[in-house]
Amino acid sequence: MAVDKNMKILVVDDFLTMRRIIINLLRQLGFNNVVEAADGKQALDKVQIEPVDLIISDWNMPNMTGIEFLKHVRADESIKKIPFIMVTAEGKKENVIAAVHAGVNNYIVKPFNAATLKEKMSKVIGDF
Amino acid sequence: MSDKKSLIEEQLDALGDIKGDTVPAEQVRAFVGLVKEFFAGNFDNIDGMELDPELYGELGELAMFINTARKELSALTPGMLHGEQIPDASDQLDEIVKTTERATHKIVDSCEQLQGVNLRVRDRLEMIDPPLDPDVSASMEDALLEADTHITNIYEACNFQDLTGQRIQKIVTVLREIERQVFRMVVVFGLRDKAEALSDEDKHSLESGAELLNGPAKEGEGLEQDDIDDILAKLL
């Protein structure tokens, strides 16, 4: 099934610059329907009101970290099936395992490029 | 051992008993020989321990180092590090983060502008009537795609800002840990008066265990994307 490029993607990162970079890389890949949040708590509030089709989240954030956000998402029946990609500098084995146990769909380590983003997104939402 | 020591003392007394301005060379040689043998470890032991001149030399250097460190710490008030130098270093590092962040914002701004320019060029090319020669049109589209690729490369390169920010935060945390350890040394060396000059807030800050933010791993230390993919392949 072809990927709908109008799908809504939520980008979560406390660094505004990083959000802009990811959002622009997504635009370069043809995804323009993007919403953003500055931490896990803000993201959870947003996604509970208005579900999205894909979440791309940082790990290290104030208020609520990416892994806590992921656990909340997976615990909420109405949003638990949203695909979740973790994008983080935390390239440690225990972190990857913790993310998998929490229900992450894929994991991208920073710094990354558009090709890696596309490849990981394809594995989660299908080829595009 | 005490016999040998007595022997040296006897020789020293004998030298002191010599009247006049000259001492027989043979007697001096004998005394110096005794002293050399003593420090060369030729005497069996002192209280059952082997004498090691090299060890003594190192212990002497260590004693001098401790003495010098103690003097330097005496000249230092704990608040100097806590109140001025380390915060100043932390401020400088914060400034680096802010400066690179501002620069990255500008770069991203410019990239977004360039993307807008590319879009407008594409729109105008489509509006040209009669349409351009297909070869010309294709070459212009190639040029625009090339520009898009360069814009993407710039976005990718801007990843650095987040990583350097986290690394610098890690350094600031390490600086605070050093400050805490220096404070402990001040206390260990008995400079309690100066330590007590710190405010309760400062003491709490120094004594509390700083939680090290892991931050990004150094090159070669953390997992690469391929390693992570291997783990994911086994777990997912």
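Each protein sequence line maps, in turn, to chains A and B. For the first sequence, position 69 (counting from the first letter as 1) is numbered 121 according to this note's numbering, and the numbering increases by one without interruption. For the second sequence, position 199 (counting from the first letter as 1) is numbered 223 according to this note's numbering, and the numbering increases by one without interruption. Heads up, the beta-carbon is just placed ideally off N, CA and C, and yes, glycines get one too.
How about B:A234: is its C-beta nearer than 8 Å to some C-beta of chain A?
The predicted position of B:A234 is uncertain, since its pLDDT is 42 and thus under 50; a value taken from the coordinates is nonetheless stated next. At a cut-off of 8 Å between beta-carbon atoms, B:A234 makes no contact with chain A.
Beta carbon proximity, A:V161 to chain B, threshold 8 Å
Taking Cβ atoms only, chain B reaches closer than 8 Å to A:V161, which makes this a yes.
Which chain B residues sit within Cβ distance under 8 Å of A:T69?
Neighbours of A:T69 on chain B, chain order: E125, T128, H129, V132, C182, Q185, D186.
With DSSP collapsed to three states, give me the class of B:L237.
In this prediction, B:L237 has a pLDDT of 39, which is less than 50 and means its spatial position is unreliable; what the coordinates show is noted afterwards. If DSSP states are grouped into helix, strand and coil, B:L237 belongs with coil.
Backbone secondary structure at A:F67 - three-state DSSP:
coil
Mind checking if A:G143 is an interface residue toward chain B, Cβ cutoff 8 Å exclusive?
yes
Under 8 Å Cβ-Cβ, which residues of chain B neighbour A:F164?
Scanning chain B for C-beta atoms nearer than 8 Å to the C-beta of A:F164 yields E180, N183, Q249, reported in chain order.
Could you name the residues that DSSP lists as bridge partners for A:S109?
A:V64, A:M138
Would you kindly work out how many angstroms separate the C-alpha atoms of A:Y159 and B:T128, rounded to a whole number?
Rounded to the nearest angstrom, the two C-alpha atoms are 25 Å apart.
Going by Cα to Cα distance, which pick from B:E85, B:A167, B:I195 is closest to B:R146?
B:A167
Which residues, in chain order, does the segment 80-109 of chain A contribute to contact with chain B at a C-beta distance below 7 Å?
Q80
Taking the beta carbon of A:I119 as the centre, do at least 16 other beta carbons fall within 10 Å, making it buried, or is it exposed?
buried
Taking contact to mean at least 3 C-beta pairs separated by less than 8 Å, is the segment 106-118 of chain A in contact with the segment 130-144 of chain A?
yes
Between B:D172 and chain A, is the shortest Cβ-Cβ distance under 8 Å, so that the two count as touching?
yes
Buried or exposed: which applies to B:Y179, given that a residue is buried once 16 or more other Cβ atoms fall within 10 Å of its Cβ?
Label assigned to B:Y179: buried.
Do B:D133 and A:F67 have their CB atoms nearer than 8 Å?
no
For A:V87, the three-state DSSP class (helix, strand or coil):
In the structure shown, A:V87 sits in a strand (DSSP, three-state: E or B).
Taking 8 Å as the cut-off, does the segment 58-72 of chain A touch the segment 89-96 of chain A (at least 3 CB pairs, one atom from each stretch)?
The answer is yes - the segment 58-72 of chain A touches the segment 89-96 of chain A, with three or more Cβ pairs under 8 Å.
Hey, does B:I120 have any beta-carbon neighbour from chain A nearer than 8 Å?
Taking Cβ atoms only, chain A never reaches closer than 8 Å to B:I120, which makes this a no.
Hey, does A:T117 have any beta-carbon neighbour from chain B nearer than 8 Å?
no
Would you mind sorting B:L36 into buried or exposed? The rule is 16 or more other CB atoms within 10 Å of its CB.
exposed
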